[in-house]
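Structure first, commentary second.
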Amino acid sequence: MISLHPYQPVFRDCPHCGENDLQSEGFLFSGIHVMHTFSCGACNGKWMETMPIGHTIDFDLQVDSSTYEVIKPSADYNWLETQLEESLKSGNVEKLTFERSKIHDVKKAVIINCLDNCFGHVFTKLWNACIEYDGYAIIVLIPKQCRWLVPGLVAEVWTVDIPVSSIQPVMPGLHEEIKKAISDFEEVVLHPAYVHLDHLKVPLQKLVKIPRFDLKEFSNRSPRIGFVLREDRFWLDSDMLEKAYLACRKFKVLGRFRFVFLWRQKLLVERFYKIISKEIPDVEMYVSGLGNTGKFIPEIEDLRVDDIHSESEIERNSIYGKTHLILGIHGSHLLVPSALAAGYVNINPRYKTAHWIEDTVLPYKNRMQQFLGRKLDQKTSPALLAHHVIRILSDFPYVYRRLNE
1 MISLHPYQPV FRDCPHCGEN DLQSEGFLFS GIHVMHTFSC GACNGKWMET
51 MPIGHTIDFD LQVDSSTYEV IKPSADYNWL ETQLEESLKS GNVEKLTFER
101 SKIHDVKKAV IINCLDNCFG HVFTKLWNAC IEYDGYAIIV LIPKQCRWLV
151 PGLVAEVWTV DIPVSSIQPV MPGLHEEIKK AISDFEEVVL HPAYVHLDHL
201 KVPLQKLVKI PRFDLKEFSN RSPRIGFVLR EDRFWLDSDM LEKAYLACRK
251 FKVLGRFRFV FLWRQKLLVE RFYKIISKEI PDVEMYVSGL GNTGKFIPEI
301 EDLRVDDIHS ESEIERNSIY GKTHLILGIH GSHLLVPSAL AAGYVNINPR
351 YKTAHWIEDT VLPYKNRMQQ FLGRKLDQKT SPALLAHHVI RILSDFPYVY
401 RRLNE
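Each residue of the sequence shown is one higher than the last, beginning at 1 in full-length UniProt numbering.
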């Protein structure tokens, strides 16, 4: 835990001139990151250093306070460094609406900072709020869109009314709101906000508030399949398509050619349905997720939405708890759906291999984990995807019996 109120300074050598044991002057609660601030009397250098929370828990990013450049960049963390530099340099002035919801009066609190521009990161940071901390009540800082996920045992919920995708490493105005809020307490510490907790030890139902699929009912219900889609995650089933996509990202023209990838993805999803419905005529299938581009064939129910609203998320996500299998491309917000459905098949782009474990969860401790949780390569065809789904649906009774003998 890191002490914010009262603030506990740390000591560092100056990264500019090497002056020893300089004491931090304070902290900046900037957004995704929380940073110590420093100045050096020997060389007049000023810099900021990220605190060990979230994705910077194992290393420090040091940023020059004048140039907003990372002082010692690392290729391994380029994605974090670039986001931070761009956010500092942009002078982001998007209006910040900060809301403080007090549930219990407390004197000592631990802040779990769940701000992030990736929903999966928000969700996994929030898992830390399911754990009790001796002597400290929990405060959750989270995008308002995700307010519905906060478990009931917290003392306060602090929200920012900005879409998850627009959350920044640096959000002007947030620091002042946080400083004002923490002054009401005797003591406030900052939680490390671990992003890879053991999900089997996390009571996920406290977050999603929806019962997950009961495996005892698997064979008693008509088979239902959900395909979760996003309009910036695509089924890249050929080398040509992958190269075109990566080129569009590199040259920042994806918006201009997005319709091509969406058209291809819709075609693949519909081909998959036509294959599986021939083998399993009573199968029900829907598409869900963010975006409404394109019209699917009538046999596929379209449950996609244009935006996320916290008030309606429990109702919107309840269908996943009644779904046999969730399908989707890695990065399509599969954490909540896969936590509720009986199983999943995840299609993984090769450029996402480093993030293999980040997009899905299943709460099984036995071999059902491998049977109902499958990951396929991005080049997977509709026929191969259908083959896996058909085998899961048809083989489940046998596997379930054997695992419960």
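Glycine residues also receive a C-beta, built at the ideal position from the N, C-alpha and C atoms. No experiment lies behind these values; they were computed from the predicted model shown.
**Item:** Extent of the continuous beta strand (DSSP E) to which V63 belongs
**Value:** Q62 to D64
**Prompt:** Under three-state DSSP, which class holds D302?
**Reply:** strand
**Asked** DSSP puts E99 in a beta bridge; with which residues?
**Response** T159
**Request:** Excluding the 5 residues preceding and the 5 following S87 in the sequence, name in chain order all residues of the same chain whose CB lies nearer than 7 Å to its CB.
**Result:** Q168, P169 and V170
**Message:** Pull the bridge partners of V189 from the DSSP assignment, please.
**Reply:** S3 and V110
**Prompt:** By Cβ distance, which residues of its chain are closer than 8 Å to R147, with the 5 residues on each side in sequence left out?
**Reply:** V157, T159 and S310
**Prompt:** First and last residue of the alpha helix (DSSP H) that includes E132?
**Reply:** Premise fails: E132 is in no alpha helix (DSSP H) and is neither H nor E.
**Item:** Extent of the continuous alpha helix (DSSP H) to which E49 belongs
**Value:** From DSSP, E49 is part of no alpha helix (DSSP H) but of the beta strand (DSSP E) over K46 to T50.
**Item:** Where the alpha helix (DSSP H) through D395 begins and ends
**Value:** P382 to L403
**Message:** If I measure Cβ to Cβ from F257 and keep anything under 8 Å in the same chain, skipping five residues before and after, which residues do I get?
**Reply:** A244 and C248
**Request:** Count the C-beta pairs between the stretch 221–231 and the stretch 270–285 that are closer than 8 Å, then say yes if the count reaches three, no if not.
**Result:** yes
**Request:** Kindly list the residues whose CB is nearer than 8 Å to the CB of C118, restricted to its own chain and excluding five residues on each side of it in sequence; keep chain order.
**Result:** V164
**Item:** First through last residue of the alpha helix (DSSP H) which encompasses Y245
**Value:** D239 to K250
**Asked** Who are the Cβ neighbours of Q265 in its own chain at under 6 Å, not counting the five residues just before and after it?
**Response** F234 and W235
**Request:** Return the Cβ separation of G289 and H355 in integer angstroms, given the expectation that the two are a contact with Cβ distance under 8 Å.
**Result:** Not really, about 18 Å apart at Cβ, beyond 8 Å.
**Request:** Can you tell me which of E176, A386 and K352 puts its alpha carbon nearest to the alpha carbon of I280?
**Result:** A386
**First and last residue of the uninterrupted beta strand (DSSP E) at S39** = V34 to S39
**Local conformation of I225 per DSSP, three classes** = strand
**Asked** Helix, strand or coil: how does DSSP classify F27 here?
**Response** strand
**Asked** Based on Cα-Cα distance, which residue from E25, V34, G54 and T56 lies nearest to K46?
**Response** E25
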